[in-house]
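Keeping their order, the protein sequence lines are chains A and B.
Take 1 as the starting number for the first sequence in this note's numbering and just add one per residue.
Take 115 as the starting number for the second sequence in this note's numbering and just add one per residue.
From the three backbone atoms N, C-alpha and C, an ideal C-beta is built for every residue, glycine too.
Here the structure comes first, spelled out in structure tokens, and everything after it is commentary.
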Amino acid sequence: AQKVTQAQTEISVVEKEDVTLDCVYETRDTTYYLFWYKQPPSGELVFLIRRNSFDEQNEISGRYSWNFQKSTSSFNFTITASQVVDSAVYFCALGSSNTGKLIFGQGTTLQVKP
Amino acid sequence: KAGVTQTPRYLIKTRGQQVTLSCSPISGHRSVSWYQQTPGQGLQFLFEYFSETQRNKGNFPGRFSGRQFSNSRSEMNVSTLELGDSALYLCASSLSGTGWQEQYFGPGTRLTVT
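Right, here's the structure in full:
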């Protein structure tokens, strides 16, 4: 069975702090894809990053970075120097190679206080 | 390029009624997936359509159905509405619906069943 676990339900930080959102996944597929989406209060899910199971390189995009470790089935997301605009719900999701179905975690609500 | 559009944005229905929601994917995208988002269950996959065919289906009762037209626009229908169907219904499109492609989400339709 496929499953995504985001153990942190809510995180609250003060602006400029670094914060890491955890994501642990389960799958029996050898080829799979991991995603992070951001859902601001407006409700629309915004794509942040995609990683495939063969690419364990970490990625950095501005203040965002992602750490993918197959050995621990984790795909964690770090925001450096958080800003109030980062306040949102963040979802980690798992997709398989031949379908459009995404399995989402329960989401982590991040609140960044000024 | 226009994003994914969903209509209506808000809907209030009464128990027992039926409802039809519409989704227009990004131009050129042939895969449309539907998700239900509730506070208790999170984001759950409903079904996916590709080239007018349902390719995947989630664990929802038969009251939930959908279809896709030749122009890739999709509709989902919920019959005999129950209070528990109150949710944000999100539609996502991608080029071909394979797991390696990011899905682009619409703003959602907020359905309230009274």
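Check: Should residue 36 of chain A and residue 77 of chain A be called a contact, given that it needs their Cβ atoms to be closer than 8 Å?
Finding: Position 36 of the first sequence, counting from 1, holds the residue named residue 36 of chain A. Position 77 of the first sequence, counting from 1, holds the residue named residue 77 of chain A. Yes. Within cutoff.
Next item on the list: Would you tell me roughly how many angstroms separate the C-alpha atoms of residue 193 of chain B and residue 141 of chain B, rounded to the nearest one?
Entry: Here residue 193 of chain B refers to the residue found at position 79 when the second sequence is read from its first residue. Here residue 141 of chain B refers to the residue found at position 27 when the second sequence is read from its first residue. Taking the straight line joining both Cα atoms gives about 29 Å.
Next item on the list: Tell me whether the beta-carbon of residue 219 of chain B lies closer than 8 Å to the beta-carbon of residue 118 of chain B.
Entry: Here residue 219 of chain B is taken as the residue at index 105 of the second sequence, counted from 1. Here residue 118 of chain B is taken as the residue at index 4 of the second sequence, counted from 1. Contact flag set, yes.
Check: Taking a cut of 8 Å between CB atoms, which residues from the region 37 to 51 of chain A lie near chain B?
Finding: Residues of the region 37 to 51 of chain A whose Cβ lies closer than 8 Å to any Cβ of chain B, in chain order: 37, 42, 43, 44, 45, 46, 47, 50.
Notebook entry, point to check: For chain B, is any of its Cβ atoms less than 8 Å away from the one on residue 73 of chain A?
Noted result: As a first step, residue 73 of chain A must be located in the first sequence, where it is residue number 73. No, residue 73 of chain A does not count as interfacial toward chain B.
Item checked: For residue 160 of chain B and residue 174 of chain B, believed in contact at Cβ under 8 Å, the rounded distance -> Locating residue 174 of chain B in the second sequence gives position 60, where the first residue counts as 1. Locating residue 160 of chain B in the second sequence gives position 46, where the first residue counts as 1. That belief holds up - the Cβ atoms of residue 174 of chain B and residue 160 of chain B are roughly 6 Å apart, short of 8 Å.
Notebook entry, point to check: Listing by chain order, which chain A residues have their CB less than 9 Å from the CB of residue 156 of chain B?
Noted result: Taking the second sequence and counting its residues from 1, the one referred to as residue 156 of chain B is at position 42. Neighbours of residue 156 of chain B on chain A, chain order: 91, 104, 105, 106, 107.
Item checked: Cα-Cα separation between residue 177 of chain B and residue 64 of chain A, rounded to whole angstroms -> Numbered from its first residue, the second sequence carries residue 177 of chain B at position 63. Numbered from its first residue, the first sequence carries residue 64 of chain A at position 64. Those two C-alpha atoms are separated by around 41 Å.
Notebook entry, point to check: Is residue 15 of chain A near the ligand GTP, going by C-beta to nearest heavy atom under 7 Å?
Noted result: This structure simply doesn't include the ligand GTP, nor any ligand for that matter.
Check: Taking buried to mean at least 16 other C-beta atoms within 10 Å of its own C-beta, is residue 121 of chain B buried or exposed?
Finding: Along the second sequence, one-based indexing puts residue 121 of chain B at 7. By the 10 Å Cβ count, residue 121 of chain B comes out exposed.
Check: Could one say the Cβ of residue 183 of chain B lies closer than 8 Å to chain A's Cβ atoms, at least one of them?
Finding: On the second sequence, residue 183 of chain B is found 69 positions in, with the first residue counted as 1. No, residue 183 of chain B lies away from the interface with chain A (no Cβ there is under 8 Å from its Cβ).
Item checked: Chain-ordered neighbours of residue 3 of chain A on chain B, where CB pairs are closer than 8 Å -> For the purposes of this step, residue 3 of chain A is identified with residue 3 of the first sequence, where counting begins at 1. Going along chain B, no residue has its Cβ under 8 Å from residue 3 of chain A, so there is no contact; the nearest lies around 12 Å.
Next item on the list: Would you give the residue range spanned by the beta strand (DSSP E) that residue 23 of chain A belongs to?
Entry: Here residue 23 of chain A refers to the residue found at position 23 of the first sequence. Taken as a continuous stretch (DSSP letters only), residue 23 of chain A belongs to no beta strand (DSSP E), as it is neither H nor E.
Checklist line | Where residue 157 of chain B sits in the DSSP three-state scheme | finding: Here residue 157 of chain B corresponds to residue number 43 of the second sequence, with the count starting at 1. Secondary structure at residue 157 of chain B: strand, using DSSP grouped into helix, strand and coil.
Margin query: Between which residues of its own chain and residue 95 of chain A is the CB-CB distance below 6 Å, once the five residues before and five after are set aside?
Written below: Position 95 of the first sequence, counted from the start, is the residue given in the question as residue 95 of chain A. Taken in chain order, the residues that qualify are 33, 102.
Item checked: Whole-angstrom distance between residue 40 of chain A and residue 50 of chain A, CA atom to CA atom -> For the purposes of this step, residue 50 of chain A is identified with residue 50 of the first sequence, where counting begins at 1. For the purposes of this step, residue 40 of chain A is identified with residue 40 of the first sequence, where counting begins at 1. The alpha-carbon atoms of residue 50 of chain A and residue 40 of chain A are separated by roughly 19 Å.
Next item on the list: Check the Cβ of residue 222 of chain B against every Cβ in chain A and list those closer than 8 Å, keeping chain order.
Entry: Within the second sequence, numbered from 1, the residue matching residue 222 of chain B stands at position 108. Neighbours of residue 222 of chain B on chain A, chain order: 43, 44.
Checklist line | Of the listed residues B:227, B:215, B:162, B:151, nearest to residue 189 of chain B (C-alpha basis) | finding: Within the second sequence, the letter at position 75 stands for residue 189 of chain B. If we check each option's Cα against that of residue 189 of chain B, B:162 comes out closest.
Next item on the list: Determine which residues share a DSSP beta bridge with residue 59 of chain A and list them.
Entry: Mapped onto the first sequence, residue 59 of chain A falls at position 59. Its beta-bridge partners are A:66.
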